[in-house]
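Enquirer:
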Ligand SMILES: [Zn+2]
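Numbering (the numbering used here), first residue to last: 2 to 377.
(1) Taking residue 5 as the reference, give the member of 29, 61, 55 with the closest Cα.
(2) Would you say residue 116 faces chain B, with C-beta separation under 8 Å as the test?
(3) Would you decide whether residue 334 is buried or exposed? Buried here means 16 or more other CB atoms lie within 10 Å of its CB.
(4) Comparing the CB of residue 97 with every heavy atom of ligand 1, is any distance shorter than 7 Å?
(5) What ranges does the alpha helix (DSSP H) occupy inside the region 7-38, keeping only unbroken runs of at least 4 residues that lie completely in it?
(6) Can you tell me whether residue 63 sits near ligand 1, meaning its C-beta is under 7 Å from at least one heavy atom of the ligand?
(7) Less than 8 Å between the CB atoms is what I'm expecting for residue 340 and residue 350, so what's the real figure, rounded?
(8) Do the region 27-38 and the region 110-128 touch if we need at least three Cβ pairs shorter than 8 Å?
(9) When you compare only the Cα positions, how much space is there between residue 59 and residue 213?
(10) I'd like the ranges of any alpha helix (DSSP H) spanning at least 4 consecutive residues and lying wholly in the region 272-312.
(11) Between the alpha carbons of residue 54 and residue 187, how many angstroms are there, rounded?
(12) Excluding the 5 residues preceding and the 5 following residue 75 in the sequence, name in chain order all residues of the same chain whose CB lies nearer than 8 Å to its CB.
(13) Cβ of residue 278 within 8 Å of Cβ of residue 331?
(14) Starting from residue 371 and walking both ways along the alpha helix (DSSP H), at which residues does that stretch end?
(15) Could you check what DSSP says for residue 48 in three-state terms: helix, strand or coil?
(16) Shortest alpha-carbon distance to residue 143 belongs to which of 78, 18, 313?
(17) Along the chain, where does the alpha helix (DSSP H) containing residue 171 start, and where does it finish?
(18) Output the distance between the C-alpha atoms of residue 123 and residue 108, rounded to the nearest integer angstrom.
(19) Quick one: is residue 323 buried, meaning 16 or more other Cβ sit within 10 Å of its Cβ, or exposed?
(20) Throw me the rounded Cβ distance for the residue 121 and residue 97 pair, which I believe falls under 8 Å.
(21) Beta-carbon separation of residue 169 and residue 199 under 8 Å?
(22) One question on the structure: do residue 235 and residue 32 come within less than 8 Å of each other, judged by their Cβ atoms?
(23) How is residue 154 classed by DSSP in three states: helix, strand or coil?
(24) Going by DSSP, name the residue or residues bridged to residue 204.
(25) If the criterion is Cβ atoms closer than 8 Å, does the pair residue 220 and residue 232 meet it?
(26) By the 10 Å Cβ neighbour count, where 16 or more other Cβ atoms means buried, how is residue 149 classified, buried or exposed?
(27) Once the 5 residues before and after residue 41 are set aside, which same chain residues still bring their CB inside 7 Å of it?
(28) Suppose you measure from the CA of residue 19 to the CA of residue 13; what does that come to, to the nearest Å?
(29) Regarding residue 67 and ligand 1, is the C-beta to nearest heavy atom distance less than 7 Å?
(30) To the nearest angstrom, how far is the alpha carbon of residue 127 from that of residue 163?
(31) State the beta-bridge partners of residue 76 as determined by DSSP.
(32) In the DSSP assignment, find the beta strand (DSSP E) that holds residue 186 and state where it starts and stops.
(33) Where do the N-terminal and C-terminal ends of the alpha helix (DSSP H) with residue 105 fall, by residue?
(34) Below 8 Å on the Cβ atoms is my contact criterion, and I expect residue 46 with residue 101 to pass it. Report the Cβ-Cβ distance as a whole number of Å.
(35) What whole-angstrom Cβ distance do residue 63 and residue 3 have, given they're in contact under 8 Å?
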């Protein structure tokens, strides 16, 4: 993980680099900030920089033997402590190293990640991960070894609040009597669940939200999204959080999907084209119940917004650019005479689908009624 690959955070990067140049690396640091700001990624990049054999002014070299190992998270002096849970067939309390290859995979693929994504990867979605007593024994054992290749042994503890009391107390003891050439980087979003005595033993490095310019750049370059207005919208909603930006984009894509279906559906109904309605119903029913319900929710919103538009209630209309464009032509078909029955039909369809009624019949029936209502 090079510093360059982390979005924004110029100030934090310089501060971290300065600690290495001045040789005043605190032995226990707590990176405090949302994962979407890059807190975990920064911890790994910092460790890599400390260990690099050909450090540059502003980043690791990326080529030396240490960097190459770091690039795969396989450096023998880099250790991770992670919340884990028993997976199927395990008969003892697991430790992080049991899952280290999965960890390397997920981190290298998406260095901005939340614990639930990690638990999904482990296949233990329904359980909460924890850092248990076995893990703390493992930490002590690792610390007692000499460093293999670097000046420093680095232990990155992701989500220290997941430590149970025994493990947290053990960590406290270690931090009180630091081992030589050992660096602990604790990464968390929230210290309120941690032992206050552990927190007070660390130097806190606050990771702020990503600045707007860097976020816009990342959305454009990393995610290939174009259109300044669209990018600005995502940046605004992301609040400096890359993970939030990703979820806004995903939601946008879903809206786009529903929008296309809605436009298609309304055209078919207006034309009262029964054959087209039948094939639209086929397509919809292949999506599954949950998606159908989401679509109907979307349709309800569009009907409401179009009615408002028809009433010229401009200041309470929430439409995207393409929705606005379509609605400027469509809104005249949604009026005081049919808005309630239309909304009622959509709602009924949703309730029927919820109750496991046969989706195809429900949607087809709704289409026929809609065809009649749009003409009134
Ligand atoms: Zn290097």
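Cβ atoms here follow ideal geometry from the backbone N, Cα and C, with glycine treated the same way.
No experiment lies behind these values; they were computed from the predicted model shown.
Expert: So, to answer that:
(1) 61
(2) In the structure shown, chain B cannot be found, because there is only a single protein chain.
(3) buried
(4) no
(5) 11-22
(6) yes
(7) About 16 Å separates the two Cβ atoms, so there is no contact after all.
(8) yes
(9) 21 Å
(10) 275-286, 290-311
(11) 24 Å
(12) 105
(13) no
(14) 360-375
(15) helix
(16) 78
(17) 166-177
(18) 13 Å
(19) exposed
(20) Not quite, the Cβ-Cβ distance comes to about 17 Å (not below 8 Å), so this is no contact.
(21) yes
(22) no
(23) strand
(24) 30
(25) yes
(26) exposed
(27) 112, 159, 188
(28) 10 Å
(29) yes
(30) 16 Å
(31) Beta-bridge pairing links residue 76 to no other residue.
(32) 183-189
(33) 101-110
(34) At roughly 19 Å, the Cβ-Cβ gap does not stay under 8 Å, so residue 46 and residue 101 are not in contact.
(35) 6 Å
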